[in-house]
Structure formats: structure tokens, C-alpha cells
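Q:
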Amino acid sequence: MVTHTLRAPGGGSWAPRLTTLALWAAAGAAALYWALALSAQPAGPVPATLPAAPQADAQAVARLLGAGVHVAAVQQSAAPAAPGRFVLQGVLAGTTSGHGAALVSVDGQPPKPVRVGASVEPGLVLQSLSRREARLGPSLDGATTVTLQMPLGGRP
1 MVTHTLRAPG GGSWAPRLTT LALWAAAGAA ALYWALALSA QPAGPVPATL
51 PAAPQADAQA VARLLGAGVH VAAVQQSAAP AAPGRFVLQG VLAGTTSGHG
101 AALVSVDGQP PKPVRVGASV EPGLVLQSLS RREARLGPSL DGATTVTLQM
151 PLGGRP
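Mapping of the sequence shown onto UniProt numbering: residues 1 to 156, in sequence order.
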């Protein structure tokens, strides 16, 4: 029985030669890919988009800097807003404590949580809550100027 192995002319093996050929072919393909990729022209101008500026909660910053009494005085002097601008999205009312929070959307913006006593917007404070209602006014102890009710599709 005679077994033959493939030998290159001159007595060497074909394996190193085929491996070398495969490596050079891969290197050439990579070089061709990068040459085409770097020489390609973009389809058009790329529009520059800037990220939206972060919104700071002025009330929280003022409290952090110790301006509790002065901010309340400024809020009382501001004119009350139109009730149609506000939508009550949810209520978390404390039944025994009288405290809680409400999800209020202003001018169609995403709703934000507002605690009782906190400012919904300058000049308008969340005064009190019930199961399906929030009352807003110029101060915590002042007259109610806006009463918001949960939409009928909301949770009871």
C-alpha cells in the first residue's frame, strides 16, 4: 500500500504556501475595503443636532440655596395662570396626613410630580389633594384659584 502526500515541487509541503496565500489575500481584501471606505464621498451634508438643554427646577435650586421665604413672596406676586393649561394625570393623596403628590402636566408637557406646598409654576402652588382632585392657588394658605380633576379614564 502506497500513500502519497502532496508535496510542492522541490520537496516542500503545500500547507505553508497555502497559508501564506490566504493571509496575503485577507490583507489585500482589508486594504481594498479601507481604500474604498475612506475614498467614498458622503451622500449629503450631515445635519448638526445639539442636545436639548437640561431643564433646572428653579424652586428646588432656590430651596437648596436657602431662599425659602423669598421665593414664596415672589410666587404670591405673580399672576395666576389659566386653568386650561394644566392637566391632572395622577394623585397620591395622604388620607390621614393631608400631604401627598400629584402628577401635573403643564402646557402639554410630560407630567411632573408636585408635592403639596410645592410650586407647579411661578405664582401657583399645589394647596391640597383629594382622591381625584387637586387645588392650586397663589399660596398654600390662600384662596384656591384652579381646581383640577382627574380625567374619567384615570384610576379611581
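Note that the Cβ used here is the ideal one computed from N, Cα and C, for glycine as well.
(1) When the Cβ atoms of the segment 102-109 are set against those of the segment 126-136, are three or more pairs found closer than 8 Å?
(2) Can you tell me which residues form a DSSP beta bridge with Ala93?
(3) With 16 as the cutoff for other CB atoms within 10 Å, does Gly123 come out buried or exposed?
(4) Count the other C-beta atoms from every protein chain shown that fall within 10 angstroms of the C-beta of Leu148, then say buried if there are 16 or more, exposed otherwise.
(5) For Val61, count neighbouring Cβ atoms within 10 angstroms of its own Cβ and tell me buried if that reaches 16, exposed if not.
(6) Using the Cα positions of Ala29 and Lys112, report the straight-line distance between them to the nearest angstrom.
A: With the given structure in hand:
(1) yes
(2) Gly100
(3) buried
(4) A residue is called buried when at least 16 other Cβ atoms come within 10 angstroms of its Cβ; Leu148 meets this threshold and is buried.
(5) exposed
(6) One C-alpha to the other measures close to 55 Å.
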